[in-house]
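Numbering (this note's numbering), first residue to last: 2 to 208.
All C-beta atoms, glycine included, are put in the ideal place defined by N, C-alpha and C.
In this text, all values refer to a predicted model and were calculated from it rather than measured experimentally.
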């Protein structure tokens with residue numbers, strides 16, 4: 002569809018129902034919980050809801066985004082939903098943090114917008130500042146819609162091959178999970194559920 006800015010993309014007001022609906026991504030949260038992290042970095046804040054939810058689960062969350070307008074939106078949502086996440090402007094390709102500053106890092110809907118070279122750079126930085134693991138969530142080919150316009154909607158197998166090619170020595174694991182009921186595509190969502198076609202791919206990269 003194309004957008005003028007990420008601030009515009011995330012400008013809609015999130016209801017409590019929409020906020021809590023993100024808990025539908027239970028595989029995402031359960032996989033992160035297995036690592037028993039204390040301090041978590043999010044690269045690409047978006048609306049801020051994922052970082053806010055994690056802060057409610059008791060984790061210390063620092064979330065960065067290169068877009069100042071996006072950070073302002075995330076901060077407003079943080080206040081609205083009584084979160085304790087820290088949102089700040091930052092460059093995912095050149096993180097300001099020291100080595101091993103966080104236990105884990107994650108992103109939601111970020112990597113599909115980048116080239117292989119950019120993916121390598123942004124992953125290198127996260128591996129540098131994290132002690133344990135990176136969690137990368139991307140829409141896969143079952144998602145079926147390019148919300149922004151430049152997404153790479155690949156299969157989970159193709160995502161695995163790409164990351165493994167970039168990091169042959171790292172342990173890589175991939176699972177699929179359902180995100181939330183897409184109210185803009187209710188029929189497609191129901192069909193995917195009936196056919197057990199999960200629309201999100203979670204890539205886990207061990208340091």
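| Ordered list of alpha helix (DSSP H) runs contained in the stretch 71 to 138, each at least 4 residues | 117 to 130
| said: Taking its Cβ as the centre, do 16 or more other Cβ atoms sit within 10 Å of residue 119, making it buried, or is it exposed? | reply: As a position in the chain shown, residue 119 is number 118, starting the count at 1. Result: exposed.
| request: Out of 170, 77 and 123, state which residue places its alpha-carbon closest to the alpha-carbon of residue 96. | output: Within the chain shown, numbered from 1, the residue matching residue 96 stands at position 95. Comparing Cα positions, the closest option is 123.
| Is there contact here, the stretch 96 to 107 with the stretch 72 to 79, by at least three beta-carbon pairs under 8 Å? | Judged by Cβ distances under 8 Å, the stretch 96 to 107 makes no contact with the stretch 72 to 79, as fewer than three pairs qualify.
| To the nearest angstrom, how far is it from the Cα of residue 117 to the Cα of residue 88? | On the chain shown, position 116 is the one that residue 117 refers to. On the chain shown, position 87 is the one that residue 88 refers to. Approximately 27 Å between the Cα atoms of the pair.
| query | Considering residue 164, what are the terminal residues of the alpha helix (DSSP H) in which it resides? | reply | Here residue 164 corresponds to residue number 163 of the chain shown, with the count starting at 1. 157 to 167 is the extent of the alpha helix (DSSP H) around residue 164.
| Which parts of the stretch 5 to 79 are runs of the beta strand (DSSP E), unbroken and 3 residues or longer, counting only runs that do not cross its ends? | 40 to 44 and 61 to 66
| query | Going straight from the alpha carbon of residue 90 to that of residue 113, what length do you get? | reply | In the chain shown, residue 90 corresponds to position 89, counting from 1. In the chain shown, residue 113 corresponds to position 112, counting from 1. So the two alpha carbons sit approximately 21 Å from each other.
| said: Please identify the residue among 15, 164 and 59 whose C-alpha is closest to the C-alpha of residue 30. | reply: As a position in the chain shown, residue 30 is number 29, starting the count at 1. Cα-wise, what sits closest to residue 30 is 59.
| Of the choices 53, 125, 12 and 26, whose alpha-carbon is the least far from that of residue 70? | The count along the chain shown starts at 1 and reaches residue 70 at position 69. Residue 70 has its Cα closest to that of 12, out of 53, 125, 12 and 26.
| query | What span of residues does the beta strand (DSSP E) with residue 178 cover, start to end? | reply | By one-based count along the chain shown, residue 178 stands at place 177. It spans 173 to 178 - the beta strand (DSSP E) in which residue 178 sits, taken as one unbroken run.
| said: Give me, in chain order, the residues of the same chain whose beta-carbon lies closer than 7 Å to that of residue 51; leave out the 5 immediate sequence neighbours on both sides. | reply: Counting from one through the chain shown, the residue named residue 51 turns up at place 50. So the list reads 23, 43 and 109, once near-sequence residues are dropped.
| message | So, at 8 Å on beta carbons, what are the nonlocal neighbours of residue 163 in its own chain, with the 5 sequence-adjacent residues on each side left out? | response | Taking the chain shown and counting its residues from 1, one reaches residue 163 at position 162. Same-chain partners within the cutoff: 117, 120 and 155.
| Quick one, which of 20, 134 and 135 has its alpha-carbon nearest residue 57's? | Translated into positions along the chain shown, residue 57 becomes position 56. Checked all of 20, 134 and 135; the closest Cα to residue 57 is 20.
| message | Rounded to the nearest angstrom, what separates residue 133 and residue 82 at their Cα positions? | response | Locating residue 133 in the chain shown gives position 132, where the first residue counts as 1. Locating residue 82 in the chain shown gives position 81, where the first residue counts as 1. Looking at the two C-alpha atoms, the distance is approximately 29 Å.
| query | What is the DSSP secondary structure of residue 203, counted as helix, strand or coil? | reply | By 1-based counting over the chain shown, the position of residue 203 is 202. Residue 203 carries a strand assignment under DSSP once its states are collapsed to helix, strand and coil.
| task | Within 10 angstroms of the Cβ of residue 38, are there 16 or more other Cβ atoms? Answer buried if so, exposed if not. | result | On the chain shown, residue 38 is found 37 positions in, with the first residue counted as 1. With 16 or more other Cβ atoms within 10 Å, it is buried.
| request: Closer than 6 Å by C-beta to residue 16: which residues in its own chain qualify, once you throw out the five before and the five after it? Chain order, please. | output: Within the chain shown, the letter at position 15 stands for residue 16. Closer than 6 Å at the Cβ level, and outside the excluded window around residue 16, lies no residue.
| query | Hey, residue 176 and residue 28 are a contact pair by Cβ (cut 8 Å); roughly how many whole angstroms apart? | reply | Counting from 1 along the chain shown, the entry for residue 176 is found at position 175. Counting from 1 along the chain shown, the entry for residue 28 is found at position 27. Rounded, the Cβ-Cβ distance is 6 Å, consistent with contact.
| query | According to the neighbour-count rule (16 or more other Cβ atoms, all chains shown, within 10 Å of its Cβ), is residue 9 buried or exposed? | reply | Taking the chain shown and counting its residues from 1, the one referred to as residue 9 is at position 8. Exposed.
| task | Could you tell me whether the Cβ atoms of residue 41 and residue 115 are closer together than 8 Å? | result | Working through the chain shown from its first residue, we reach residue 41 at position 40. Working through the chain shown from its first residue, we reach residue 115 at position 114. Residue 41 is not a Cβ neighbour of residue 115, given a cutoff of 8 Å.
| query | With burial defined as no fewer than 16 other Cβ atoms inside 10 Å of the residue's Cβ, what is the status of residue 6: buried or exposed? | reply | Within the chain shown, residue 6 is the residue found at index 5, counting from 1. Exposed, since its Cβ has fewer than 16 Cβ neighbours within 10 Å.
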